[in-house]
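Shown next, in structure tokens, is the structure this report addresses.
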Amino acid sequence: MTSATLLEDLGAMLLSGGVDVVDLTGPLGPDTPLLKLPPELAVDTPKIEIHRISEYDKDGPFWAWNWLKIGEHSGTHFDAPHHWITGKDYPDGYTDTIPMQRLIAPVNVIDCSAEVAKDPDFLLTADGVKAWEAEHGEIKSGEWVVMRSDWYKRNDDEAKFLNADENGPHSPGPDVDCIEYVLSKGAIGWGNECIGTDAGKAGGMTPPFPAHNLLHAANRYGLASLCNLDKLPPKGAILIVAPLKIVNGTGSPIRALALAPKG
Ligand code: 23J
Ligand code: MN
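Under the working numbering, the first residue of the sequence shown is numbered 11, with each subsequent residue one higher.
Rendered as structure tokens:
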């Protein structure tokens, strides 16, 4: 099959609804949960603001439009390699220099929702990924790997989403050896349903924030605050994530979506 006939068939399938388009994106607005870092360590990303310019009024009689105040790492978003010090020197590691060919790829969806329901601090390990591969098939070079936790169902409530107490945030993510293993398989990136690509307790790991540290060291990408991963099969869907072409950007809100077999 040539790519021309494949795309012709895909186009027909999209038009007929024979292929599902699944929205993996959360609402983006003033109530979107945002990362809170320890104040001694860092400055936080600002609250999202949406300001009206006009809505068919004296400031614009026939048109409605808004302007936004928004951090790059807000809501469902993309982490570019330059986001982390370990990935700072890649010329193609910015939102405006990333090769587009790498952003549309098959996605492996690893279901950890049962484990996370029992333990919000659950960490996916390399052994956990290998067990998943034994059941569903190997992760191949260039593919995405995302961790399904159903955590996105909390995203209407920032306190529940961040799930912090006096000991810090409690949310699931990858263990160090999980990211090392996924990278050894050649994955293009890693996605999580939580506020960031890393677990809530990742600041205390070695290295701190291993998803950020290791993915970006390898010129690979991160996806945070993904939604609706429970609507995807373990294998067989195609993930599409397009960061805004922010000049020298370190990340961007995205409309994450997947093409999935009808089902
Ligand atoms: C800045 C500092 C630490 C972290 C993050 C951002 C993220 O999670 C992010 O959105 O990339 S952990
Ligand atoms: Mn980020």
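Glycine included, every Cβ here is placed at the ideal spot set by N, Cα and C.
Inter-residue spacing [alpha-carbon to alpha-carbon] between D102 and N229: Position 92 of the sequence shown, counted from the first residue, corresponds to residue 102. Position 219 of the sequence shown, counted from the first residue, corresponds to residue 229. Taking the straight line from one Cα to the other gives about 8 angstroms.
Pairwise C-alpha distance: H222 and D99: Counting from one through the sequence shown, the residue named residue 99 turns up at place 89. Counting from one through the sequence shown, the residue named residue 222 turns up at place 212. In this structure, the straight-line span from the alpha carbon of D99 to that of H222 is close to 15 angstroms.
Neighbourhood of F171 by C-beta, 7 angstroms cutoff - its chain only, sequence neighbours within 5 removed: Here residue 171 corresponds to residue number 161 of the sequence shown, with the count starting at 1. Result list for F171: P43, R164, N165, I205, in chain order.
Outcome for I108 when other beta-carbon atoms lying within 10 angstroms are tallied against a minimum of 16: The count along the sequence shown starts at 1 and reaches residue 108 at position 98. So I108 ends up on the buried side.
Closest residue to R290 among P56, T207, E59, W154 (Cα-Cα distance): The requested residue 290 does not occur in the structure, where the chain is confined to residues 11 to 273.
Per-residue burial, A212 [other beta carbons within 10 Å of its own, 16 or more giving buried]: Taking the sequence shown and counting its residues from 1, the one referred to as residue 212 is at position 202. By the neighbour-count rule (16 or more Cβ atoms within 10 Å), A212 is buried.
Contact test: I205 Cβ vs the ligand 23J heavy atom, cutoff 8 angstroms: Along the sequence shown, read from residue 1 onward, the residue named residue 205 stands at position 195. I205: yes, Cβ under 8 angstroms from the ligand 23J.
Proximity test, H83 beta-carbon vs the ligand 23J heavy atom, cut-off 8 angstroms: In the sequence shown, residue 83 corresponds to position 73, counting from 1. Yes, the Cβ of H83 comes within 8 angstroms of a heavy atom of the ligand 23J.
I149 to L38 span [Cα, whole Å]: Start at 1 with the first residue of the sequence shown, and residue 149 comes out as number 139. Start at 1 with the first residue of the sequence shown, and residue 38 comes out as number 28. Approximately 31 angstroms between the Cα atoms of the pair.
Length of the line joining the Cα atoms of P48 and D67: On the sequence shown, residue 48 is found 38 positions in, with the first residue counted as 1. On the sequence shown, residue 67 is found 57 positions in, with the first residue counted as 1. Computed Cα separation, rounded: 43 angstroms.
Proximity below 9 angstroms, CB of H87 to CB of A234: Position 77 of the sequence shown, counted from the first residue, corresponds to residue 87. Position 224 of the sequence shown, counted from the first residue, corresponds to residue 234. Going by C-beta atoms, H87 is nearer than 9 angstroms to A234.
D166: CB within 8 angstroms of a non-hydrogen atom of the ligand MN: Translated into positions along the sequence shown, residue 166 becomes position 156. Not so, every heavy atom of the ligand MN lies at least 8 angstroms from the Cβ.
N-terminal and C-terminal residue of the beta strand (DSSP E) that K272 is part of: By one-based count along the sequence shown, residue 272 stands at place 262. Segment: none, K272 is in no beta strand (DSSP E) and carries neither H nor E.
CA-to-CA distance, V117 to A22, given in whole angstroms: Locating residue 22 in the sequence shown gives position 12, where the first residue counts as 1. Locating residue 117 in the sequence shown gives position 107, where the first residue counts as 1. Roughly 22 angstroms separates the two Cα atoms.
heavy atom of the ligand 23J below 8 angstroms from D131 C-beta: In the sequence shown, counting from the first residue as 1, residue 131 sits at position 121. D131: no, Cβ never under 8 angstroms from the ligand 23J.
Any non-hydrogen atom of the ligand 23J closer than 8 angstroms to F219 Cβ: In the sequence shown, the residue the question calls residue 219 occupies position 209. Checking every heavy atom of the ligand 23J against the Cβ of F219, one is found closer than 8 angstroms.
Start-end ranges of the beta strand (DSSP E) lying completely within the segment 76-164, minimum 3 residues: 87-89, 114-121, 154-158
Straight-line gap, V257 to T105 (C-alpha atoms, nearest Å): For the purposes of this step, residue 257 is taken as the residue at position 247 of the sequence shown. For the purposes of this step, residue 105 is taken as the residue at position 95 of the sequence shown. Their backbone Cα atoms lie some 7 angstroms apart in a straight line.
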